Amino acid sequence: MKKGSLNLELTIPSDENSVSEFISTPTGTFRAGDLIVDKNGIRIISQNEDEPPSLIKLSDNQLILADIDIIKVIGKGNGGVVQLVQHKWTGQFFALKVIQLNIQEQNRKHIAQELKINQSAQCPYVVVCYQSFYDNGVISIVLEYMDGGSLADFLNKVKTIPESYLSAICKQVLMGLLYLHHDKHIIHRDLKPSNLLINHTGAVKITDFGVSAILESTSGQANTLVGTYNYMSPERISGAKHGSRSDIWSLGLVLLECATGKFPYSPPEEEGWVNCYELMEAIVGQPPPRAPSDQFSPEFCSFISACVQKDPKHRQSAHKLMEHPFISMYEDSNVDLAAYFTNAGSPLATF
Ligand code: ATP
Ligand code: MG
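Mapping of the sequence shown onto our numbering: position 79 corresponds to residue 398, and the numbering continues sequentially without gaps.
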């Protein structure tokens, strides 16, 4: 799929005069100094009359915030708000993620680079990022809209997900990880149920890679903004070097939670975890969780332990896990994720 290949041509000014008109429109989103990041690179928008319009010429299929209507808020995370938005001229729906940051000027370039990485990803198992804007400490990211919401939303409704569906979900997540790890050399760093999005076609896609890197890199905000430590690998918690196998640990915990309906680590006290350090200590100090063999197939149990190994060297890669018997064992059972996502615990989260 070609990014930006949607029918967005109506937004594109066809000649240089209309470009300058477009930029100076009173409702326009851009102001001098605004930064646009897209697949062609990073550009500073200038409204300076002395500069020729060609300097501000927008690329093909450019999406701009002024051409978008906000429909409703569909989610809130630690870092910001996600809204369902509609493109004024094409009627196309998108999700607009808005993150407010208190960042210093020198971080702008770094953020722009991260956003560019975000946008360069093109894979059916990764949520498409069409455009990102950075303006005055606010990052707006135009994302593919996933009408089933997140796996976290879905799990809240259905409580547990049967193995056959989990196998089909897991296969798609592995394809996404394979793409990020092997083709793009990106580590997600924040794989969790709320960063796996689903839709009515039965698709499962990874989102928010790159965003966690931005939030971590903005000084002093890591603790408050990078939401949960729950799915973090032991080596990451201990501050050791971490790589793509950290994402595999998170995948194992996510699958186990979906299968059992509970987060795999339980607090020592009934009232819950006293603080996040207690949980972090458990992840680093305790043996890894396992799938109960009396409730799940040997293939599922073996898949979980292939992911949830405390030593990252003993964890399998996304590539190797694709060949695991758990991924193929339900292939002949006509698993219909589209029907499952649409009917189980309906209506879909965001519609
Ligand atoms: P955290 O901030 O701790 O990472 P989070 O991942 O839930 O938590 P956000 O990434 O801001 O936070 O997402 C909030 C919610 O918005 C998600 O749980 C999901 O329900 C919804 N959402 C996010 N992106 C999309 C999208 N592209 N399409 C549809 N819904 C989305
Ligand atoms: Mg998220």
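No residue lacks a Cβ here, since even glycine has one placed at the ideal position from N, Cα and C.
Predicted model, so just to flag it, every value in this text is computed and none were measured.
Open item on the list: Going by DSSP, what residue range makes up the alpha helix (DSSP H) through Y596?
Closed with: 595-604
TODO: Using only the heavy atoms of the ligand MG, determine whether one of them is closer than 7 Å to the beta carbon of T526.
DONE: Remark: the shortest separation between the CB of T526 and any heavy atom of the ligand MG falls under 7 Å.
Task: Under 8 Å between C-beta atoms of Y584 and S569 - done: no
Open item on the list: Starting from S451, trace the alpha helix (DSSP H) in both directions and tell me its first and last residue.
Closed with: Careful: S451 lies outside any alpha helix (DSSP H), inside the beta strand (DSSP E) at 448-454.
Task: Limits of the unbroken alpha helix (DSSP H) element including F473 - done: 470-477
Open item on the list: Is any non-hydrogen atom of the ligand MG found closer than 7 Å to the C-beta of G396, if you look at the structure I gave you?
Closed with: yes
- [ ] Give the single residue among R564, L575, C577 whose Cα lies nearest to the Cα of L499.
- [x] R564
Open item on the list: Closer than 7 Å to a non-hydrogen atom of the ligand ATP - does that hold for the CB of K416?
Closed with: yes
Task: D630 Cβ short of 7 Å to the ligand ATP heavy atom set - done: no
Open item on the list: When you measure from the CB of N514 to every non-hydrogen atom of the ligand MG, does any distance come out below 7 Å?
Closed with: yes
TODO: Could you check the C-alpha separation between W408 and V446 for me, to the nearest Å?
DONE: 22 Å
Task: Reduced DSSP category for I480 - H, G, I as helix; E, B as strand; rest coil - done: coil
Open item on the list: Between A658, I556, G468, which has its C-alpha nearest A601's C-alpha?
Closed with: I556
Open item on the list: Three Cβ pairs or more, each shorter than 8 Å: is that satisfied between the stretch 487-496 and the stretch 518-528?
Closed with: yes
- [ ] In the DSSP assignment, find the unbroken alpha helix (DSSP H) run with A414 in it and report its ends.
- [x] It is not in any alpha helix (DSSP H) - A414 instead sits in the beta strand (DSSP E) that spans 412-419.
Open item on the list: According to DSSP, simplified to helix, strand and coil, what is Q405?
Closed with: strand
Task: For P644 and I517, the rounded distance between their alpha carbons - done: 24 Å
- [ ] Excluding the 5 residues preceding and the 5 following L574 in the sequence, name in chain order all residues of the same chain whose CB lies nearer than 7 Å to its CB.
- [x] L485, C489, I623
Open item on the list: Can you tell me where the beta strand (DSSP E) holding I390 begins and where it ends?
Closed with: Its beta strand (DSSP E) spans residues 387-395.
Task: Reduced DSSP secondary structure (H/G/I, E/B, other) of L650 - done: Reading the sequence as shown, one finds Glu at residue 650 and not Leu. The answer is coil: DSSP assigns E650 none of H, G, I, E or B.
- [ ] Check whether the Cβ atoms of V461 and Y449 lie closer than 8 Å to each other.
- [x] yes
Open item on the list: For a test of your reading of the model: does the CB of T547 fall under 7 Å from any non-hydrogen atom of the ligand ATP? Yes or no.
Closed with: yes
Task: Burial state of S439 (16 or more Cβ within 10 Å) - done: exposed
Task: Closer than 7 Å: L572 CB and nearest the ligand ATP heavy atom - done: no
Task: chain C within 8 Å of P587, Cβ atoms only - done: Chain labels in this structure do not include chain C; a single protein chain is all it has.
Task: Nearest candidate by alpha-carbon position, reference P553, set A578, C626, V530, G521 - done: C626
TODO: Mark H504 as exposed unless 16 or more other C-beta atoms lie within 10 angstroms of its C-beta, in which case mark it buried.
DONE: Exposed, since its Cβ has fewer than 16 Cβ neighbours within 10 Å.
Open item on the list: Taking the straight line between their C-alpha atoms, what separation do you get for D454 and G571?
Closed with: 37 Å
Open item on the list: Considering only their Cβ atoms, is the gap separating A487 from L656 smaller than 8 Å?
Closed with: yes
Task: Outcome for I567 when other beta-carbon atoms lying within 10 angstroms are tallied against a minimum of 16 - done: buried
TODO: Confirm, please, whether the CB-CB distance from V404 to I387 is below 8 Å.
DONE: yes
Task: Euclidean distance between Cα positions of N653 and E482 - done: 13 Å
- [ ] Report the rounded CA-to-CA distance for Y659 versus T520, giving the unit in angstroms.
- [x] 10 Å
TODO: Tell me whether the beta-carbon of P607 lies closer than 8 Å to the beta-carbon of K629.
DONE: yes
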